[in-house]
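2 protein chains.
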Amino acid sequence: MDDIRFAVLGTGGIGRRTLEVATHRDGLTPVAACDRNGVAIDGDGLDVDELLDATEGNIASGPSDERDVAPDGGAAAGGVKQHGEQAGIVASDQGRETETPIDDVIAEADEIDAVLMALPNLEHDFIPRVAQRFADADYGGVLIDVLKRSRVIGMLEDREQRLVDAGITFVCGAGATPGLLTGAAALAAQSFVEIESVDIWWGVGLKSGYEDNRGTVREDIAHLDGYDIESAREMSEVEIEALIDERDGRLVFDDMEHADDVLLERAGVCDAEDVTVGGILDVRQDEKPTTTTVSVTGRTFDGETGTNTVRLDDATSMEANVNGPAIGYLKAAVSRNRAGDYGVYGPAELMPTF
Amino acid sequence: MDDIRFAVLGTGGIGRRTLEVATHRDGLTPVAACDRNGVAIDGDGLDVDELLDATEGNIASGPSDERDVAPDGGAAAGGVKQHGEQAGIVASDQGRETETPIDDVIAEADEIDAVLMALPNLEHDFIPRVAQRFADADYGGVLIDVLKRSRVIGMLEDREQRLVDAGITFVCGAGATPGLLTGAAALAAQSFVEIESVDIWWGVGLKSGYEDNRGTVREDIAHLDGYDIESAREMSEVEIEALIDERDGRLVFDDMEHADDVLLERAGVCDAEDVTVGGILDVRQDEKPTTTTVSVTGRTFDGETGTNTVRLDDATSMEANVNGPAIGYLKAAVSRNRAGDYGVYGPAELMPTF
């Protein structure tokens, strides 16, 4: 575990923060990163500071090979800068332009232990299809994503045998929710023999992080009443601003489609329908508008009913709670992969490594 | 995972509750149990209700083969009934008398996937020595304990290569604390890049469970100021009652020697010295005298300091919080064992299975 050579696909908020948080954790060497137009590869380790400078404002969070994204995909993912001032990996000294960023990383697969896919999630099958391409190239390592939508899990399960054959250990939904909070729910459930409900409630204050996380905000909008994935993808930046203005910067979500439900069912904790996810996103303050809390209510073997709770401090940012766990799960998955354990895991099935 | 054939060594409070809680969980078949004087073995599954009736008041919690326990060990473990009314497995229709209960279970090792060692812990090397005997018999399965003392972990690590060679996956400290709360601390730590402190504070109300858990109470007394393992082991039941009376039934513990510290250090979360464990045990009420809480304080990658907390509902009994996780960790360890993953694990390294 002393040396994990990892790659990041995508340099939007999540990809960039993964590179940054990894510098604070032991045993992690970033050897490849890519975004829409560029790739940086260095087996001796990328210069993270220089990459972060170059990709600041790189709000087109994901690389999109021509065969992955429809012609309007660029704009849809919010990539307002890609034809303009050349922010992104191509602007970095370590980067070079490419039309096939993901394939360029796959070409280095032998040198990579783990790949974090910080890709735009508005097209559901994008991550499963990228996973398939790694499998087709006989990549035998870890793939990890921070996806949110329940329906993507099934797409990965459909491909599980192919991933196993290649020697891939895939961890899906390994951010905050799903991710840290899903794992916390599975652990908090251990006091009980039957789970009545799991309630996940999150608060995010995203004033200073807003520019860096426009992709995430767009994804969240798709969860609002009256919106769906297609309509959110087609909104212009101006329309998004208008929607946010209307609500004074605060978006409230009830019972979102979040993969915590299917991931907890997969882990045998409860039925997916017993899981509720909601929260408040405020893009006009950095303080969390509400405290992120997981409440697990169940019945004990001795007939009592109770609720165990996990609370994240309001001082911990969304970025800390997404990227810390993502790296913890990545490290845990590398252990599993090296032990010869392949297939699809959820965050309630692995203890993330510190 | 559909069928785990497990054994329990010891039918004190923890062993008995393990058998009971397992009846509420899927895929677990108890095939062997033993205590000081008896053993019950049935490959088709033991009748748990009948065993629980027979072992009620079986406060000598552990089997003690002649080579394991000094002549005074019986009394020391609190086994006031063993010369009297024959409570225990020998009183059960399924049980038979034996002078070598542990060896009798080891003789069936081929038929057993996992063994929970609910043995008296006042002799530190007892569990490591029993593990060694399973290894010597080439048992290739799971061993799990709910031990508490930090120093035992090192004794297990010293034997790790022998356990690996035999094909044993050992989970140590897999109850409540260490166990569930250690795992919760490791998970709560994921928001941070550096941990300042882990504080574990527990409350146990043990009025109606007192008779069943005298062994645990005696162990706890060894943590009080002015007491140690030897003096606690040598106390008579009358002396213990007097001590409890003096304190109006309430024992308060500060900074106990609990293995959460070394187990969190093992998992890379923090230094052992950053971990504090304390709590209140009240043997005159069933209500918890204080809420069991884990607080993890750390620094995020973006420079904030915060405290994530995990709280167990006051309605969840000690038994629910010890035996639920023990079974969860047992199930997780069987998965690891079947995947060919051997050695010593702590509760912060595995996600317990529900």
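Same order as they appear, the protein sequences are chains A and B. Using the working numbering, the first residue of the first sequence is number 7, and each one after it goes up by one. Using the working numbering, the first residue of the second sequence is number 7, and each one after it goes up by one. Even for Gly, the Cβ is constructed at its ideal location relative to N, Cα and C. From a predicted model like this one, the values you see are computed outputs, not experimental measurements.
Check whether residue i and residue j have beta carbons under 8 angstroms apart
i	j	result
residue 280/A	residue 201/A	yes
residue 300/A	residue 282/A	no
residue 22/B	residue 61/B	yes
residue 112/A	residue 11/A	no
residue 258/A	residue 286/A	yes
residue 27/B	residue 178/B	no
residue 221/B	residue 126/B	yes
residue 209/B	residue 291/B	no
residue 334/B	residue 196/A	yes
residue 331/B	residue 181/B	yes
residue 152/A	residue 250/A	no
residue 199/B	residue 31/A	yes
residue 145/B	residue 172/B	yes
Close Cβ partners of residue i (< 6 angstroms) along its chain, the five nearest in sequence each way excluded
i	result
residue 346/A	none
residue 214/A	292
residue 121/B	13 and 149
residue 67/B	Its pLDDT being 43, under 50, residue 67/B is placed unreliably in this model, and the value from its coordinates should be taken loosely. These residues qualify, in order along the chain: 16, 18, 126 and 221.
residue 238/A	224, 227 and 228
residue 313/B	301 and 303
residue 340/A	10, 119, 120 and 148
residue 218/A	19
residue 78/A	Because residue 78/A sits at a pLDDT of 27, beneath the cut-off of 50, its placement in the model cannot be relied upon, and the point is left open.
residue 47/A	38 and 114
Own chain partners of residue i with C-beta closer than 7 angstroms, once the 5 adjacent residues on each side are dropped
i	result
residue 192/A	270, 273, 275 and 354
residue 9/B	33 and 35
residue 343/B	147, 148 and 175
residue 44/A	94, 95, 96, 101, 102, 103, 104 and 107
residue 284/B	207, 259, 260, 261 and 262
residue 163/A	350
residue 183/A	206, 208, 264, 266 and 283
residue 297/A	209, 317 and 320
residue 29/B	54
residue 157/B	130
residue 72/A	Model confidence at residue 72/A stands at a pLDDT of 36, short of 50, so the residue's coordinates are unreliable and nothing is read from them.
residue 360/B	334
residue 143/B	112 and 115
residue 277/B	271
Sequence-distant residues of the same chain with beta carbon closer than 8 angstroms to residue i, five excluded per side
i	result
residue 138/A	165 and 168
residue 357/A	189 and 338
residue 241/B	224, 227 and 249
residue 58/A	22, 25 and 26
Top-ranked residue by Cα proximity to residue i, from the options
i	options	result
residue 321/A	107/B, 132/B and 311/B	311/B
residue 38/B	116/B, 19/B and 252/B	116/B
residue 170/A	157/A, 214/A, 268/A and 348/A	348/A
residue 243/B	223/B, 232/B, 303/B and 256/B	223/B
residue 325/A	47/A, 186/A, 136/A and 145/A	186/A
residue 256/B	216/B, 318/B and 356/B	216/B
residue 234/B	141/B, 49/B, 130/B and 359/B	130/B
residue 42/A	99/A, 308/A, 56/A and 109/A	109/A
residue 289/A	25/A, 323/A, 268/A and 336/A	323/A
residue 204/B	49/B, 305/B and 46/B	305/B
residue 56/B	48/B, 161/B, 98/B and 31/B	98/B
residue 154/B	140/B, 133/B and 194/B	133/B
Check: residue i C-beta below 7 angstroms from any heavy atom of the ligand FMN
i	result
residue 290/B	Of the ligands one can find in the structure shown there are none, so the ligand FMN has no counterpart to examine.
Practice prompt. Could you list the residues in the region 290-320 of chain B with a C-beta less than 8 angstroms from some C-beta on chain A, going in chain order?
Written response: 306, 307, 308, 310, 311, 312, 313, 314, 315, 316, 317, 318, 319 and 320
Worksheet item: Which ranges would you report for the beta strand (DSSP E) in the region 230-287 of chain A if only whole runs of at least 3 residues count?
Response: 256-259
Discussion item. Under 9 angstroms, CB to CB, which of the residues in the region 189-203 of chain B have a partner in chain A?
Written reply: 189, 190, 192, 193, 194, 195, 196, 197, 198, 199, 200 and 201
Worksheet item: Considering only residues of the region 21-70 of chain B, which uninterrupted alpha helix (DSSP H) runs meet the minimum length of 4 residues and lie entirely inside it, listed in chain order?
Response: 54-61
Discussion item. Closer than 7 angstroms between beta carbons: that is the criterion. Which residues of the region 15-35 of chain B meet it against chain A?
Written reply: 26, 27, 30 and 31
Practice prompt. Could you run through the region 268-287 of chain B and flag, in chain order, every residue whose CB is less than 7 angstroms away from some CB of chain A?
Written response: 273, 274 and 275
Discussion item. Tell me which residues of the region 169-187 of chain B have at least one Cβ-Cβ distance to chain A shorter than 8 angstroms, keeping chain order.
Written reply: 186
Item to complete: Using a Cβ-Cβ cut-off of less than 7 angstroms, list which residues of the region 335-356 of chain A approach chain B; keep chain order.
Response: 345, 346, 347, 354, 355 and 356
Worksheet item: Curious, which full-length beta strand (DSSP E) runs of at least 3 residues does the region 81-158 of chain A contain?
Response: 101-103, 120-123 and 148-151
Worksheet item: What are the residues of the region 95-112 of chain B that lie near chain A, defined by any Cβ-Cβ distance shorter than 8 angstroms?
Response: none
Worksheet item: Which ranges would you report for the alpha helix (DSSP H) in the region 280-348 of chain B if only whole runs of at least 4 residues count?
Response: 324-344
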